[in-house]
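**Student:** Residue numbers for the sequence shown follow this note's numbering, beginning at 188 and rising by one. The C-beta atom is built at its ideal place from N, Cα and C for all residues, glycine as well. One structure, pasted below without further comment.
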Amino acid sequence: MSKTVKLDAAKLLARVPEEYVFWCQDGHMLRDINELGEALAGMSDETFVSHSNTEKNDFANWVQDIIKDEKLARDLMNSSDREQAAKRVAERVDYLKTKLA
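Given below as structure tokens:
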């Protein structure tokens, strides 16, 4: 495995600096994509819709602009609901973890 792939995976899974954490409408603070996946799996649909709707997708924007994971950002933009978004994040986290081994 190339060192670059391993380093890229580690960067995508890493916690963001404190000034870039994602604050959910329900008060939860997300520091990395693993926490995003866990939050999506457990948050209310109301909280999800306040961040992801026809006008905006705060989750995808955070992943694109802060985490720098273009693939996951696209997947989140194309997710039709909270469950699908949570599944796509979990799949991405699992994939990236395989690159660390």
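1. Any beta carbon of chain B sitting closer than 8 Å to that of LYS274?
2. Please name the residue in ALA197, ASP195, LYS193, PHE235 whose C-alpha comes closest to that of MET264.
3. Between the Cα of ILE220 and the Cα atoms of ASP213, GLU257, ASP268, which residue gives the shortest distance?
4. For LYS198, tell me which candidate among LYS255, TRP210, THR241, SER239 has the shortest Cα-Cα distance.
5. Exposed or buried, TRP249, counting other C-beta atoms within 10 Å across all chains shown (16 or more means buried)?
6. Could you name the residues that DSSP lists as bridge partners for LEU217?
7. Mind checking whether VAL192 and LYS284 have CB atoms under 8 Å apart?
**Tutor:** So, to answer that:
1. Considering every chain present, this structure includes no chain B. It has just one protein chain.
2. Counting from one through the sequence shown, the residue named residue 264 turns up at place 77. Among ALA197, ASP195, LYS193, PHE235, the Cα nearest to that of MET264 is on PHE235.
3. Translated into the one-based positions of the sequence shown, residue 220 becomes position 33. Comparing Cα positions, the closest option is GLU257.
4. In the sequence shown, the residue the question calls residue 198 occupies position 11. It is LYS255.
5. If you number the sequence shown from 1, residue 249 lands on position 62. TRP249 is buried by the Cβ-count criterion.
6. Counting from one through the sequence shown, the residue named residue 217 turns up at place 30. Paired residue(s): PHE209.
7. Residue 192 sits at position 5 when you count from the first residue of the sequence shown. Residue 284 sits at position 97 when you count from the first residue of the sequence shown. No, the Cβ-Cβ distance between VAL192 and LYS284 is not below 8 Å.
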